[in-house]
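Trainee: Sharing a structure with you now.
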Amino acid sequence: MADKNETEVDTGKPDAPAEADAEGSNGAQVGDAVLTGTGKSDEPGDEAKAGDEAKPDETAQEKRVEVEADADGTIGAEFGDEALEVPSAKSDDIKDKSSDAYHAKVTAKAGTTAGLVSGLIKELRPKQWVKNVLVLAVPFAAGEILNPGILGHAVIAFLVFSMAASGIYFVNDAIDVEADRQHPTKRNRPIAAGLIPVPIAYAVCALLLGGSLVISALTSTPLLVVMAVYILVQLGYCFGLKHQPVIDLCIVASGFLLRAIAGGAAANLVITQWFYLIVAFGSLFMVAGKRYAEVKLAMETGAKIRKSLKAYSPSYLRFVWAIAAAITIMCYALWAYDIREFESSRWGLISIIPMVVAILRYAVDIDKGVAGEPEEVVLKDKVLMVLGVILAGCLFLAFYL
Numbered sequence: 007m008a009d010k011n012e013t014e015v016d017t018g019k020p021d022a023p024a025e026a027d028a029e030g031s032n033g034a035q036v037g038d039a040v041l042t043g044t045g046k047s048d049e050p051g052d053e054a055k056a057g058d059e060a061k062p063d064e065t066a067q068e069k070r071v072e073v074e075a076d077a078d079g080t081i082g083a084e085f086g087d088e089a090l091e092v093p094s095a096k097s098d099d100i101k102d103k104s105s106d107a108y109h110a111k112v113t114a115k116a117g118t119t120a121g122l123v124s125g126l127i128k129e130l131r132p133k134q135w136v137k138n139v140l141v142l143a144v145p146f147a148a149g150e151i152l153n154p155g156i157l158g159h160a161v162i163a164f165l166v167f168s169m170a171a172s173g174i175y176f177v178n179d180a181i182d183v184e185a186d187r188q189h190p191t192k193r194n195r196p197i198a199a200g201l202i203p204v205p206i207a208y209a210v211c212a213l214l215l216g217g218s219l220v221i222s223a224l225t226s227t228p229l230l231v232v233m234a235v236y237i238l239v240q241l242g243y244c245f246g247l248k249h250q251p252v253i254d255l256c257i258v259a260s261g262f263l264l265r266a267i268a269g270g271a272a273a274n275l276v277i278t279q280w281f282y283l284i285v286a287f288g289s290l291f292m293v294a295g296k297r298y299a300e301v302k303l304a305m306e307t308g309a310k311i312r313k314s315l316k317a318y319s320p321s322y323l324r325f326v327w328a329i330a331a332a333i334t335i336m337c338y339a340l341w342a343y344d345i346r347e348f349e350s351s352r353w354g355l356i357s358i359i360p361m362v363v364a365i366l367r368y369a370v371d372i373d374k375g376v377a378g379e380p381e382e383v384v385l386k387d388k389v390l391m392v393l394g395v396i397l398a399g400c401l402f403l404a405f406y407l
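Going letter by letter, the sequence shown gives residues 7 to 407 in our numbering.
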């Protein structure tokens with residue numbers, strides 16, 4: 007979540023790209039003409055070199071477009087509200103979310119019933135609920151996903167996590183409402199734009215968080231404990247822990263782990279510790295990849311950077327996601343051997359192949375600095391999708407054949 011109580015620091019556009027152009031844009035290629043002191047040349051290689059030299063700027067422009075299109079904040083922390091912003095010129099385009107025209111369109115509904123209803127729906131951020139599908143991971147890995155009773159408990163876990171996450175969105179934006187109103191795009195958020203009065207935002211937050219705890223308590227005590235821990239950790243993140251280096255990475259990753267734990271807790275399922283280690287370090291791998299993309303984007307485009315990101319360098323984040331990837335693969339291999347022992351199936355061992363290839367493939371996207379939201383990375387990479395289907399198929403055969 008964005009550090010809206012601190013003045014954002016513009017890193018400025020660096021004089022040269024942070025990463026050397028792999029195609030050789032920073033150096034001459036075979037056949038390229040060497041520029042003379044006059045700066046002119048009639049050699050045909052000059053046009054090719056000029057084209058190569060334009061690539062860094064083109065790449066930077068593409069990244070600017072990505073950030074501008076993502077102004078609502080899908081690049082950032084778990085809650086999707088920590089976006090990097092690239093300074094841009096004032097615009098009167100009503101489609102430009104940083105323009106006064108767009109802001110006027112949003113605030114025109116303030117004080118109306120229609121505006122309140124649409125604002126509440128938007129503030130719930132239903133698009134982020136897709137992350138809660140992780141609650142199905144433990145019932146699936148336990149071989150119980152086809153059991154109606156177990157599946158029903160997993161659906162309840164999905165519901166309470168969606169309620170809790172949406173409640174955190176409300177309290178976060180209510181706390182930072184004044185800072186958001188000074189921001190070119192965040193001023194369009196429902197609470198900052200006046201569509202949802204702050205007292206109503208806090209009331210909805212209390213209903214969502216309280217409701218999630220009540221439903222959890224009626225379902226199972228372990229689920230109640232998991233949800234209480236999740237809410238306390240995320241509230242701590244909102245109120246200051248997001249500014250602490252490393253701690254912020256761990257908190258965001260813990261959100262994914264707690265989702266997986268909740269799926270088992272809701273139905274009182276027990277599963278090997280290797281599975282939880284896979285989820286924990288796999289989540290850290292993806293979170294560090296997101297942070298790496300943000301830092302690299304800021305260095306290449308001059309985007310404004312949040313306080314929590316200032317503590318990280320690309321090399322440090324590369325170190326983190328590389329270690330997390332290695333531990334994830336190791337734990338998965340150990341879990342796969344457990345599957346062979348307890349399920350008497352070799353499909354678990356076979357699944358190591360698509361798992362390792364998928365990790366390496368995802369690392370390619372991280373290395374490019376384009377690994378923002380995990381779900382978006384997967385949906386844009388057809389090879390990753392195919393690997394995911396193969397992996398799921400192998401595990402299905404291992405647990406249900």
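Here a beta-carbon is modelled for each residue, glycine too, at the ideal position from N, C-alpha and C.
Remember, predicted model here, so these are calculated numbers, not experimental data.
Pick from L355, D182, L122 and I333: whose alpha carbon is nearest that of F402?
Mentor: Among L355, D182, L122 and I333, the Cα nearest to that of F402 is on L355.
Trainee: Once the 5 residues before and after T464 are set aside, which same chain residues still bring their CB inside 7 Å of it?
Mentor: In the structure as shown, the chain starts at 7 and stops at 407, and residue 464 therefore has no counterpart that could be examined.
Trainee: Would you be able to state if there are at least three C-beta pairs under 8 Å between the region 338–353 and the region 231–239?
Mentor: No: fewer than three Cβ pairs fall under 8 Å.
Trainee: Check whether the Cβ atoms of L201 and G121 sit closer than 8 Å, and answer yes or no.
Mentor: Yes; because the gap between Cβ atoms is below 8 Å, this pair is in contact.
Trainee: If you measure between the beta carbons of A294 and L255, is that distance less than 8 Å?
Mentor: Yes, the Cβ-Cβ distance between A294 and L255 is below 8 Å.
Trainee: May I have the straight-line CA-CA distance separating V301 from P320, to the nearest angstrom?
Mentor: Rounded to the nearest angstrom, the two C-alpha atoms are 7 Å apart.
Trainee: Applying the 10 Å Cβ sphere with the 16-neighbour rule, what's the burial state of N274?
Mentor: Flag for N274 reads exposed.
Trainee: Which runs of the alpha helix (DSSP H) spanning at least 4 residues fall entirely within the region 203–280, listed in chain order?
Mentor: With a minimum length of 4 residues, the continuous alpha helix (DSSP H) runs that stay inside the region 203–280 are 204–225, 227–244 and 253–272.
Trainee: Where do the ends of the alpha helix (DSSP H) carrying K388 lie?
Mentor: Per DSSP, K388 belongs to the alpha helix (DSSP H) from K388 to Y406.
Trainee: With I221 and L165 assumed to form a contact (beta carbons below 8 Å), what rounded beta-carbon distance in angstroms separates them?
Mentor: Right, the Cβ-Cβ distance comes to about 7 Å (below 8 Å), so this counts as a contact.
Trainee: Would the region 193–212 count as touching the region 117–134 if we require 3 or more Cβ pairs under 8 Å?
Mentor: With a cut-off of 8 Å, the region 117–134 and the region 193–212 count as touching, because enough Cβ pairs lie within range.
Trainee: Using CA coordinates, which residue listed in S218, L390 and N178 is at the minimum distance from F245?
Mentor: Selected option, being the one with the closest Cα: N178.
Trainee: Buried or exposed: which applies to A60, given that a residue is buried once 16 or more other Cβ atoms fall within 10 Å of its Cβ?
Mentor: Bear in mind that the predicted position of A60 carries a pLDDT of just 44, short of 50, making it unreliable; the figure below should be weighed with that in mind. Exposed, by the Cβ-count rule.
Trainee: Would P380 be called buried (16 or more neighbouring beta carbons within 10 Å of its own) or exposed?
Mentor: Flag for P380 reads buried.
Trainee: When the Cα atoms are used, what is the spatial distance from E306 to L152?
Mentor: Near 48 Å, if we compare the C-alpha coordinates of L152 and E306.
Trainee: Just confirm the distance between the C-beta atoms of A218 and A272, as a whole number of angstroms; I'd bet it's less than 8 Å.
Mentor: In the sequence under discussion, the amino acid at residue 218 is Ser, which differs from the Ala named in the question. Wrong, their Cβ atoms sit about 12 Å apart, outside the cutoff.
Trainee: In whole angstroms, give me the CA-to-CA distance for T409 and P203.
Mentor: The chain is shown only over 7 to 407; residue 409 falls outside these bounds and no answer can be derived.
Trainee: How many Å lie between A299 and K374 at the Cα?
Mentor: When rounded, the distance between both Cα atoms is 8 Å.
Trainee: With DSSP run on the structure shown, which of helix, strand or coil describes G33?
Mentor: For G33, the predicted structure reports a pLDDT of 41, less than 50, and the residue's modelled location is therefore unreliable. The matter cannot be settled from this model.
Trainee: Grouping DSSP H, G and I as helix and E and B as strand, with all else coil, what is E129?
Mentor: Three-state result, E129: helix.
Trainee: By the DSSP assignment, the alpha helix (DSSP H) with T191 in it spans what residues?
Mentor: T191 -> no alpha helix (DSSP H), and no H or E assigned at all.
Trainee: So V112 packs on A199, CB below 8 Å; how close in whole Å?
Mentor: Contact flag correct, Cβ pair sits at about 5 Å.
Trainee: Indicate the three-state DSSP secondary structure (helix, strand or coil) for N178 in the structure shown.
Mentor: Of the three classes helix, strand and coil, the one that applies to N178 here is helix, per DSSP.
Trainee: Looking only at its own chain, which residues have a Cβ that is under 6 Å from the Cβ of H159, when we skip the five neighbours before and after it?
Mentor: Excluding positions up to five away in sequence, the list reads A272 and A273.
Trainee: Determine the extent of the alpha helix (DSSP H) in which R346 is found, giving its start and end residues.
Mentor: P320 to E349 is the span of the alpha helix (DSSP H), which, as asked, contains R346.
Trainee: Do V139 and A163 have their beta-carbon atoms positioned less than 8 Å apart in this structure?
Mentor: Going by C-beta atoms, A163 is not nearer than 8 Å to V139.
Trainee: Can you tell me the Cα-Cα spacing of F408 and R193, whole angstroms?
Mentor: This structure does not reach residue 408, given that the chain is present from 7 up to 407, and the question cannot be answered.
Trainee: Does E53 pass the burial test, meaning 16 or more other C-beta atoms within 10 Å, or should it be called exposed?
Mentor: Summary for E53: the model assigns pLDDT 44, below 50, so the residue's position carries little reliability; its value from the coordinates is reported in the next sentence. By the neighbour-count rule (16 or more Cβ atoms within 10 Å), E53 is not buried but exposed.
Trainee: Looking only at C-alpha atoms, which of R131, A143, K137 and H189 sits nearest to S174?
Mentor: Before going further, note that residue 174 is Ile rather than Ser in the sequence given. It is R131 whose Cα lies nearest to the Cα of I174.
Trainee: Closer than 6 Å by C-beta to L238: which residues in its own chain qualify, once you throw out the five before and the five after it? Chain order, please.
Mentor: For L238, where only same-chain residues beyond five positions count, there are no Cβ hits under 6 Å.
Trainee: Measure the C-alpha to C-alpha separation of I329 and L340 and round it to an integer number of angstroms.
Mentor: Looking at the two C-alpha atoms, the distance is approximately 17 Å.
Trainee: Hey, would you say G394 sits closer than 8 Å to V384, going by beta carbons?
Mentor: Yes. Within cutoff.
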